[in-house]
Amino acid sequence: MNQPPLMASKKCPHCGFWSPWQQQATDRCERCGLHLDAPRMRSEQKRQELADTPLPSFMRLELKPDDSPVLRFFKHIVRGGQLVFGAIVSFLLWLVAMLAG
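Under our numbering, the letters of the sequence shown match residues 37 to 137, in that order.
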């Protein structure tokens with residue numbers, strides 16, 4: 037009972053031709069070659085660009101092996117403070133979302 041996978045198809049918004057669609061943002065029309073889901077493709081490209089941008093220097097707190105023990109201790113304290121702040125903000129956002137329904 038070796039069955040082939042189910043195939044989906046999508047109508048191309050550019051030429052109107054029905055093409056096989058694997059529900060990926062990179063799927064292209066067989067006739068015109070343009071993306072079947074262009075808004076999703078643009079959204080994924082923007083998301084990838086945002087993910088590739090480096091963090092600002094004040095957000096990066098590097099622990100270097102040549103730092104003194106006192107400096108490393110304070111860097112750990114600052115990192116802990118950043119983590120606690122993020123946890124509190126996340127909790128408040130969750131709480132507001134739950135109260136809003």
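Don't be surprised by glycine CBs; every beta carbon is placed ideally from N, CA and C.
Counting the other CB atoms within 10 Å of its CB gives C51 a total below 16, which places it among the exposed residues.
Annotated three-state conformation of H50 is coil, per DSSP. Its Cα nearest to that of F53, the residue R64 stands out among V120, F109, R64.
Annotation for M77: A61, H71 place their beta carbon closer than 6 Å to its own, counting only its chain and skipping 5 residues before and after. Residue ranges of uninterrupted beta strand (DSSP E) with 3 or more members, entirely inside the segment 44-97 and ordered along the chain, are 44-47, 54-57. Under the three-state reduction of DSSP, G137 is assigned to coil, being neither helix nor strand.
Check the Cα spacing between P56 and each of C68, M43, R67, P49: the tightest is with M43.
Looking at S126, L97, K47, the one whose alpha-carbon comes closest to that of C68 is K47. For D73 and A87, the gap between their C-alpha atoms comes out near 21 Å.
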